[in-house]
Amino acid sequence: MHNGVRDTPSPDEWPPEKGQHTLGDKGYHNGEGPTIQVAGHEVAAGTALHRGLKARHITMIAIGGAIGTGLIIGTGAALARAGPGSVFIAYTMVGFLVYLVMAALGEMAAWLPMSSGFTGYATRFCDPSLGFALGWTYWFKYIIVTPNQLTAAALVIQYWVDRDRINPGVWITIFLVVIIAINYFGIRFFGEFEFWLSSIKVVTIVGLIILALVIALGGADGDRRGFRYWKNPGAFNEYIMEGAAGRFLGFWSTMVTAVFAYLGTELVGVTVGEAQNPRKVVPRAIKLTFYRILFFYCLSVLFIGMCVPYNSPELTFATKQTTGASASPFVVAILEAGIQGLPSVINGAILLFVFSASNSDLYIASRTLYGLAVNGNAPRIFKRTDSRGVPIYALGMSAMFALLAYMNVADDSKTVFGYFVNLVTIFGLETWISILVTHIWWIKARRAQNLPDSALPFVAPLGINGSWGALIFCVLIAVTKNFSVFTYSRSYGNFDYKNFVTGYIGIPIYLILLFGHKILTKSKGVKAHEADFYTGKDIIDREEEEFLAAKAAKKQAQGEKKGKAGWFYKTFIGWLF
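All residue numbers in the sequence shown are consecutive under the numbering used here, ending with 586.
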């Protein structure tokens, strides 16, 4: 007992009694009012987020984060560099890696959906310094990526309107105002907007997959290609070196490309604090994300490899483009099949992709800064919310950095901005590494406190072994992701120092934040038997009970009219949309 409030239950007292008051190191609940702040979870008016994201919002936001220009454009460069066999194998393997990361995150999020997101799990179950480093690098990534997406959207419009006619800054201003408004009007509005944007993404990708299959089978021009290009010029291309070593380097470069194409799927961990019934919604979103990734990515790269040979002159031209339809391998396949008119449609889809990405990137940036403030790693003003549950100060600060998009319009500053983007991309991979490390510590703590799998709403299928395997794989890719800088090139000689610095400086920045925080605060890692699994869980339990009761009452009032249409949607379509 502590001032009339019972401490967090010990492992021997699990499960805690229903309604039991708990005390955490960062908050309290005395039974007489709402908890002010509980170990990374805010519920007080003025600082709490609102649970306005429905199940369909979460599942579509999850897949929306995975589908972007990395699929519709980035696969072209990978195909030209490594060949269709390498691309298909790499995207399939990394897709499974993504699932392991998502499952690790889902196990923690389903048990305790905290408003501070996965930075809160790192702080609470592993090490406060890890949460500090993870949060700030993740926020830094998205305040750079957001303006870059805005600039990309303005460049895509140049497909129809030349920049000499209308300055790109005009389009940047329009897009910036729109995404700030979407984020400002509350989580329900944001969720609904992203749901429809992501739905259009899904329709677009499904359409392109079907089109690529039709082209491969000869439905467009009568030329039944099949796996012809896997035989000539071949399934594996040589990169940097000749022979088997060159084919392996091509394959490994594609592994790196695939990892960065998948980055963003972890944003489900940012949304858990605003999800309705998160213990059911989050595991479902994670499972569906795995199936969707296999469907969208693996089938896309397989069919594109059947339609376009890696030595195609048109593909070589496309990979030299910066953005827009001309840079997409799908457009190359369409042009080679003699189909007219579709490139403009695909350019419109790419515009939608980058706009959706900029919208969700600003959301992630604002919620990450909010989570840092909740954990005491950022000024307290950033955890203040308005009546709609929007962290307006965190949103405002993050939106200010979106103004960097105007800098990217000028050619002289565009190169410098490109270095910043290259710098922050590794932070996404470090996020996966941090999530996996946190999950490993989480499982060790569960075992130490005798918290069984049966008590958890969701358990990572491969457990600690899956997280260890994924962690080793992620670290290996992080260390070797820019291996080409050590090879000879006429443009930079034997060592490309510029790309070396921008490609790897993110690692020492992350380590400096981690150990700098540890030295200055003298923080210590969380011991397995001391990890706090219960503080604030009673609040989540109560929220879940209230939600389910309200849902049951609404269902009863509507007369239990589910019908065959609902069954058909859930069985055959719900996994896709």
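Ideal placement from N, C-alpha and C gives every residue a C-beta, glycine not left out. Just so we're clear, the structure is a prediction, and the values are computed from it rather than from any experiment.
Other residues of its chain near R65: CB distance less than 7 Å, five sequence neighbours each side excluded:
So the list reads F204, once near-sequence residues are dropped.
Could you tell me which of I449, L465, N491, F492 sits nearest to G478, measuring between CA atoms?
A check of alpha carbon separations from G478 across I449, L465, N491, F492 identifies I449 as the nearest.
Pairing CB atoms from the region 399-416 with CB atoms from the region 128-137, are three or more of them under 8 Å?
Contact between the region 399-416 and the region 128-137 is absent: fewer than 3 CB-CB pairs across the two stretches fall below 8 Å.
Test item: CB-CB of A119 and T298 under 7 Å
Cβ distance not < 7 Å, so A119 and T298 don't count as in contact.
Is the region 248-268 close to the region 77-97, with three or more CB pairs under 8 Å?
Between the region 248-268 and the region 77-97 there are three or more C-beta pairs closer than 8 Å, enough to call the two in contact.
Under 7 Å between the Cβ atoms of G104 and Y300?
For the pair G104 and Y300, the CB atoms are not nearer than the 7 Å cut-off.
What beta strand (DSSP E) runs, 3 residues minimum, are completely inside the region 488-527?
As far as the region 488-527 is concerned, it has no whole beta strand (DSSP E) run of at least 3 residues.
Coil, strand or helix - A57 by DSSP
Reduced to three states, the DSSP call for A57 is coil.
Can you check DSSP and say which residues form a bridge with A537?
Paired residue(s): none; A537 is not in a bridge.
Between I188 and S321, how many whole angstroms is the CB-CB distance? I'm expecting something under 8 Å.
About 36 Å separates the CB atoms of I188 and S321; that is not less than 8 Å, and the two are not in contact.
Straight-line gap, A382 to A561 (C-alpha atoms, nearest Å)
One Cα belongs to A382, the other to A561, and the distance between them is close to 36 Å.
Those residues which DSSP pairs with A284 across a bridge
For A284, which the question treats as bridged, DSSP gives the partners L62.
Could you say which of N356, S407, I348 lies nearest to R376 if we only look at CA atoms?
When only C-alpha atoms are compared, the closest one is S407.
According to DSSP, is K296 helix, strand or coil?
In the structure shown, K296 sits in a helix (DSSP, three-state: H, G or I).
Could you check which residue in L58, F202, V310, A161 has the C-alpha nearest to that of T84?
Ranking L58, F202, V310, A161 by Cα distance to T84 puts V310 first.
Going by CA-CA distance only, name the one from I181, L522, Y151 that's closest to P137.
Nearest neighbour of P137 by Cα position, chosen from I181, L522, Y151, turns out to be L522.
Integer-rounded CB distance, given that M315 should sit under 8 Å from R234
Yes, they are in contact, since the Cβ atoms of R234 and M315 sit about 6 Å apart, within 8 Å.
Where Q158 sits in the DSSP three-state scheme:
Q158 falls in the helix class under three-state DSSP.
Cβ-based burial, Q349 [other Cβ within 10 Å; buried from 16]:
Counting Cβ neighbours within 10 Å, Q349 comes out exposed, since fewer than 16 surround it.
When you compare the CB positions of F97 and L114, do they come within less than 7 Å of one another, or not?
No, the pair does not count as a contact, with Cβ atoms beyond the cut-off.
Which residue from Y519, V363, E554, E553 puts its Cα closest to that of I209?
Nearest Cα to I209 within the set Y519, V363, E554, E553: V363.
Once you ignore the five residues that flank H526 on each side, which residues in its own chain have a CB closer than 6 Å to its CB?
Excluding positions up to five away in sequence, the list reads S138, F141.
If the criterion is Cβ atoms closer than 7 Å, does the pair I191 and L159 meet it?
Against a cut-off of 7 Å, the Cβ pair of L159 and I191 comes out as no contact.
Am I right that K490 and G512 are in contact with their C-beta atoms under 8 Å? What's the rounded C-beta distance?
Yes, they are in contact, since the Cβ atoms of K490 and G512 sit about 7 Å apart, within 8 Å.
Alpha carbons only, please: which of H538, E275, A487 is nearest the one belonging to L432?
When each option's Cα is compared against that of L432, the closest is A487.
Could you please give the first and the last residue of the uninterrupted alpha helix (DSSP H) stretch that includes W239?
For W239, there is no enclosing alpha helix (DSSP H), since its DSSP letter is neither H nor E.
Span separating the alpha-carbon of G144 from that of W441
Computed Cα separation, rounded: 12 Å.
Option in L185, D541, V291, N356 with minimal Cα separation from Q458
Per the Cα distances, D541.
Report all residues from its chain with a CB closer than 8 Å to the CB of Y402; omit the five preceding and five following residues, and keep chain order.
I390, F391, R393.
Can you look up T544 in the DSSP assignment and give me helix, strand or coil?
In this structure, T544 counts as coil in the three-state DSSP scheme.
Backbone secondary structure at D16 - three-state DSSP
Because D16 carries a pLDDT of 40, less than 50, the predicted location of this residue cannot be relied on, and the following value inherits that uncertainty. Of the three classes helix, strand and coil, the one that applies to D16 here is coil, per DSSP.
Say yes only if the C-beta of D547 is nearer than 6 Å to one or more non-hydrogen atoms of the ligand ATP, and no if none qualify.
You won't find the ligand ATP in this model; it holds no ligand whatsoever.
Inter-stretch contact at 8 Å, needing at least 3 Cβ pairs: the region 282-292 / the region 460-469:
With the cut-off at 8 Å, the region 282-292 and the region 460-469 touch.
Where does I175 land, buried or exposed, given buried means 16+ other C-beta within 10 angstroms?
A residue is called buried once 16 or more other Cβ atoms fall within 10 Å of its Cβ, and I175, having fewer, is exposed.
Alpha carbon to alpha carbon, what distance is there between L485 and E539?
Put simply, the backbone Cα of E539 is about 31 Å away from that of L485.
According to DSSP, is S443 helix, strand or coil?
DSSP places S443 within a helical segment (H, G or I) once states are collapsed to three.
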